[in-house]
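Chains A and B, in that order, give the protein sequences.
Under the UniProt record's numbering, the residues of the first sequence are numbered 1 to 431, in order.
Under the UniProt record's numbering, the residues of the second sequence are numbered 1 to 431, in order.
Using N, Cα and C, we set each Cβ at its ideal position, and we do this for glycine too.
Predicted model only: the values in this text are computed from it and were never measured.
There are 2 protein chains.
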Amino acid sequence: MHLDIGNALAGIARPGVSRDSLDRLDDCVARAHERIERGVEEREFGYAALALPETTAAAEIERAVAPLADSEAVLTVGIGGSALGAATVSAALGRGDADAYVLDNVDPRRANELLAALPLSETAVHVVSRSGTTAETLANFLVVREAMADAGVDWTERTVVTTGEDGPLRALADEHGLPALDVPEGVPGRFSVLSSVGLVPAAIQGHDLDGLLAGGRAGMDALAPSLYECPAYGYGAACHALEVRGATTNVLMPYAERLEYFAEWFAQLWAESLGKDGLGQTPVRALGATDQHSQLQLYRAGRRDKHVTLVRPRERPERAIPETGIEGLSYLGGSDLGTLLDAEFEATEASLAAAGLPNVRIEIDALDAESLGRLLYDAEAACVLAGELMGVSTFTQPAVEWGKRAARGLLGGGDFEEAEAVAGKERLVIE
Amino acid sequence: MHLDIGNALAGIARPGVSRDSLDRLDDCVARAHERIERGVEEREFGYAALALPETTAAAEIERAVAPLADSEAVLTVGIGGSALGAATVSAALGRGDADAYVLDNVDPRRANELLAALPLSETAVHVVSRSGTTAETLANFLVVREAMADAGVDWTERTVVTTGEDGPLRALADEHGLPALDVPEGVPGRFSVLSSVGLVPAAIQGHDLDGLLAGGRAGMDALAPSLYECPAYGYGAACHALEVRGATTNVLMPYAERLEYFAEWFAQLWAESLGKDGLGQTPVRALGATDQHSQLQLYRAGRRDKHVTLVRPRERPERAIPETGIEGLSYLGGSDLGTLLDAEFEATEASLAAAGLPNVRIEIDALDAESLGRLLYDAEAACVLAGELMGVSTFTQPAVEWGKRAARGLLGGGDFEEAEAVAGKERLVIE
């Protein structure tokens with residue numbers, strides 16, 4: 001991963017961080033690195049995620065999905081950290097040998113449409129839930145299983161499960177002899193992309209799991225006790241420094257359609273890990289060049305409470321723009337869509353700097369397995385570092401429990417006082 | 001549109017707005033309404049958008065696309081306001097008689113994949129650019145035109161154009177006798193969804209344009225000089241009141257997959273219209289229930305700088321969750337995915353209120369043409385009102401010009417000093 005934080009410096013941007021401040025922050029980075037290194041070595045809760053490139057066994061995943069290797073489609077049934085990693089990898093690396101779909105919502109319209117469109121007898125289903133009780137995931141799985149049965153497909157031959165040591169999904173896998181993989185110990189869902197949670201669909205698609213893990217390992221090897229020597233820490237430290245100086249929003253703007261899901265994945269990683277104690281940058285998902293025509297006005301002329309992270313691959317496939325005699329367009333003809341997109345990238349970066357808005361450039365060599373594995377790992381390491389610098393509980397998500405209990409209560413799944421609060425809603429209706 | 005701002009009140013939320021403050025603000029709303037009404041009547045620049053339900057001729061659009069009515073697919077070639085409206089309508093109303101695609105980026109990989117997958121001889125192409133010179137749109141059009149020619153398809157028989165009175169696209173339409181529609185006078189792109197700009201693909205898909213415009217007209221008829229009597233103004237006033245009290249981020253979170261693009265469209269409307277003079281809420285696109293497992297931790301436990309706008313249709317199709325004997329899941333069996341989704345909606349709304357985070361509920365009757373037209377119109381009217389209350393130049397987007405000139409200069413399209421700034425970038429590289 002190649003990082004350039006020049007446009008986040010105090011001389012360029014407001015808020016911005018001076019080189020002196022970065023030097024001082026680097027002492028904290030060194031100490032945080034020691035803490036992270038110890039956590040990784042001892043496989044402590046959360047930190048264990050940064051060991052996945054070494055602990056994940058690609059061969060085991062490939063063996064588990066071997067019976068499904070001829071599938072035309074692979075459907076991930078999960079939600080949040082149990083779905084976004086897989087979706088990110090599949091979107092970034094392309095179709096491969098199978099189309100990838102995700103059922104990560106409980107919208108009946110979407111379920112009906114997707115199940116009507118899928119070639120069920122040729123579809124592999126990957127059900128992911130650590131507890132085996134996640135309401136959305138299990139409801140969707142029950143629906144998918146029934147649709148397969150209705151279509152005369154033996155769902156037990158088309159399903160692979162990734163779950164914890166016990167719980168309903170584990171019991172189901174045991175009962176029906178389904179291939180079952182483990183959610184790795186001590187790894188929160190949003191940090192689990194480089195495990196079976198994120199890699200099963202990629203394996204069915206025939207993508208290069210070893211390459212993904214090698215990229216992750218390169219990120220692991222690059223961790224160092226200085227933000228100047230480690231792009232992951234450089235990014236995490238820059239985000240932290242900008243946040244405490246007022247950039248409370250972090251816009252992640254990849255210039256590659258295949259990285260649109262990466263921005264979603266990053267948004268979960270950042271929001272759920274760092275959104276605590278009244279702190280945490282709000283991640284905003286954008287896409288270049290498209291959002292130049294939608295969001296750039298706000299970034300340049302709105303509040304000084306943001307920084308933009310621009311991401312691009314250094315290599316792109318070719319697509320020539322045909323020569324044209326149309327008046328005023330001849331400068332486009334003979335160029336290439338990739339050249340145009342890169343010009344837009346550089347123009348937008350410069351336009352943000354010209355407006356004094358801090359921005360950061362991340363580049364990867366190409367949209368391949370190894371570069372992607374590195375990008376994912378480095379984003380996780382950046383997040384862990386930012387959490388250390390802020391002193392928050394990076395690996396938990398206590399604030400989401402309230403709503404889960406309320407929903408369960410509303411559905412008759414037990415007595416929960418949170419469900420009673422729903423009925424007491426204050427109303428001011430205008431219609 | 002049904003609006004409930006009870007959870008934005010000061011007793012519930014921080015920031016929150018008291019009923020007294022709303023009463024005082026209502027005087028400003030009454031004055032702003034007069035200004036808006038005059039602008040609409042006189043078809044002033046920008047305000048003319050709020051007259052579209054009366055000025056758009058559905059029959060003219062349907063006549064223009066009649067030769068393409070048997071298309072299997074419709075491809076919008078545009079960007080920003082020339083693409084998002086069409087994409088929003090097509091996504092919300094579903095496939096109809098043709099699959100809808102958008103080419104609104106210049107990623108060569110995406111263009112290559114899409115053009116390889118499209119049935120070109122059965123694809124209608126809608127090219128949209130007011131000036132007829134938008135670099136991304138014209139580059140994509142040149143690429144699509146060539147792909148059709150290479151496939152032996154007569155592109156002149158498959159293309160419809162929406163553009164301004166003159167410019168390269170108008171000239172091209174004249175030269176080749178293409179059906180050509182007008183971008184409506186005085187209507188910025190992001191406010192143009194209820195015109196040919198947004199409705200051509202829907203017409204080819206066989207959707208109910210009259211219903212969409214009737215919904216818009218209902219919104220127009222509902223404009224009134226009080227926030228308590230007009231849900232559009234109620235929403236715009238609530239957002240304004242929350243913004244000046246500290247909610248500088250507006251999370252739009254529909255609970256319906258088909259409204260995911262609506263959140264994109266809204267984000268452009270809000271950011272480009274109100275992001276001025278160091279003001280303007282940052283729109284954040286979310287999706288319920290999925291993002292409960294991604295963003296909710298931040299919303300409930302992060303900075304008090306946000307409010308959440310929850311959106312849902314009151315009707316959903318059915319999809320029963322099968323009964324199950326699996327331990328711990330019996331409460332789900334026999335329910336319906338829609339019931340589950342609505343329970344999650346209400347639980348999340350209550351969980352935000354319990355954490356003191358302001359939130360607003362918007363409901364539409366159903367995902368049909370009339371309700372959608374009303375929703376789009378009301379969002380625009382809310383935005384115009386918020387702009388009046390803030391005193392910004394709602395209908396312009398001056399801050400995006402810098403980058404356009406820089407990109408054009410980089411591509412050899414003329415001498416622009418902005419292009420020189422790109423080469424002078426400050427660097428601090430870490431790799």
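If you follow the alpha helix (DSSP H) that residue i is in, where does it begin and where does it stop?
i, result
"residue 142 (chain A)", "135-150"
"residue 240 (chain B)", "231-244"
"residue 199 (chain B)", "196-204"
Could you check where the beta strand (DSSP E) with residue i kicks off and where it finishes?
i, result
"residue 128 (chain B)", "123-129"
"residue 176 (chain A)", "It is not in any beta strand (DSSP E) - residue 176 (chain A) instead sits in the alpha helix (DSSP H) that spans 168-176."
"residue 282 (chain B)", "282-285"
"residue 163 (chain A)", "159-163"
"residue 254 (chain A)", "249-254"
"residue 74 (chain B)", "73-77"
"residue 118 (chain A)", "Where residue 118 (chain A) is concerned, there is no enclosing beta strand (DSSP E), given that its DSSP letter is neither H nor E."
"residue 182 (chain B)", "180-182"
"residue 415 (chain B)", "Element bounds for residue 415 (chain B): n/a, residue is neither H nor E."
Going by DSSP in three states, residue i sits in which element: helix, strand or coil?
i, result
"residue 363 (chain B)", "strand"
"residue 101 (chain A)", "strand"
"residue 307 (chain B)", "strand"
"residue 430 (chain B)", "strand"
"residue 422 (chain B)", "helix"
"residue 348 (chain A)", "helix"
"residue 29 (chain B)", "helix"
"residue 17 (chain B)", "strand"
"residue 312 (chain A)", "strand"
"residue 59 (chain B)", "helix"
"residue 293 (chain B)", "helix"
"residue 320 (chain A)", "strand"
"residue 154 (chain A)", "coil"
"residue 70 (chain A)", "coil"
"residue 336 (chain B)", "strand"
"residue 227 (chain A)", "coil"
With distance defined between alpha-carbon atoms, name the residue in the options nearest to residue i.
i, options, result
"residue 142 (chain B)", "A:323, A:412, A:241", "A:323"
"residue 263 (chain A)", "A:8, A:253, A:272", "A:253"
"residue 305 (chain A)", "A:239, A:401, A:339, A:75", "A:239"
"residue 122 (chain A)", "A:152, A:277, A:420, A:49", "A:152"
"residue 185 (chain A)", "A:276, A:167, A:273, A:44", "A:44"
"residue 302 (chain A)", "A:413, A:86, A:30, A:249", "A:249"
"residue 319 (chain B)", "A:154, A:399, A:377, A:144", "A:144"
"residue 127 (chain A)", "A:116, A:149, A:88, A:83", "A:83"
"residue 62 (chain A)", "A:36, A:209, A:245", "A:209"
"residue 8 (chain A)", "A:378, A:368, A:353, A:401", "A:353"
"residue 112 (chain B)", "A:332, A:377, A:316, A:235", "A:316"
"residue 370 (chain A)", "A:108, A:79, A:89, A:120", "A:89"
If you drop the 5 nearest sequence neighbours on each side, which residues of the same chain put their C-beta closer than 7 Å to that of residue i?
i, result
"residue 279 (chain B)", "390, 392"
"residue 81 (chain A)", "188, 189, 190, 192, 268"
"residue 300 (chain A)", "351, 352, 355, 357"
"residue 15 (chain A)", "242, 245, 246, 247, 304, 358"
Can you name, in chain order, every residue of its own chain whose Cβ lies under 8 Å from the Cβ of residue i, other than the five neighbours on each side?
i, result
"residue 178 (chain A)", "156, 159, 160, 161, 172"
"residue 34 (chain B)", "225"
"residue 170 (chain B)", "132, 161, 163, 164, 180"
Among the residues of its own chain, which have a CB less than 6 Å from the CB of residue i, if the five just before and after it don't count?
i, result
"residue 361 (chain B)", "4, 310"
"residue 456 (chain A)", "There is simply no residue 456 (chain A) to check, as chain A begins at 1 and stops at 431 in what is shown."
"residue 204 (chain B)", "65, 68, 71, 74, 98, 124"
"residue 348 (chain B)", "292"
"residue 29 (chain B)", "227, 233, 237"
"residue 140 (chain B)", "77, 103"
"residue 87 (chain B)", "102, 261"
Does the ligand ATP have a heavy atom nearer than 6 Å to the CB of residue i?
i, result
"residue 97 (chain B)", "Inclusion of the ligand ATP in the displayed structure is not the case, the ligand content being empty and no account of it being possible."
- Below 9 Å between beta carbons is the criterion; list the residues of the segment 239-261 of chain A that meet it against any residue of chain B, in chain order. So the list reads 248, 249, 251, 255, 256, 257, 258, given in the order they occur along the chain.
- Item | Interface residues of the segment 348-361 of chain A facing chain B [CB-CB below 8 Å] | Residues are counted here when their Cβ sits less than 8 Å from a Cβ of chain B; for the segment 348-361 of chain A these are 348, 349, 350, 351, 353, 354, 355, given in chain order.
- Item | Where the segment 325-346 of chain A meets chain B: residues whose CB sits under 8 Å from a CB there | Residues passing the 8 Å Cβ filter: 326, 327, 328, 329, 331, 332, 333, 335, 336, 337, 338, 339, 340, 341, 343, 344, 346.
- May I ask you to list, following chain order, the residues of the segment 294-307 of chain A that have a beta carbon less than 9 Å from some beta carbon of chain B? Those residues of the segment 294-307 of chain A that come within reach of chain B (Cβ to Cβ, closer than 9 Å) are 294, 295, 296, 297, 298, 299, 300, 301, 302, 303, 304, 305, 306.
- Message: To be precise: take each residue of the segment 8-31 of chain A, compare its Cβ to all Cβ atoms of chain B, and keep it if any distance is under 9 Å. Which residues remain?
- Response: Those residues of the segment 8-31 of chain A placed with their C-beta closer than 9 Å to a C-beta in chain B are 8, 9, 11, 12, 19, 22, ordered along the chain.
- Compile a chain-ordered list of the residues in the segment 208-228 of chain B whose CB is closer than 8 Å to at least one CB of chain A. Per Cβ criterion, the list reads 227, 228.
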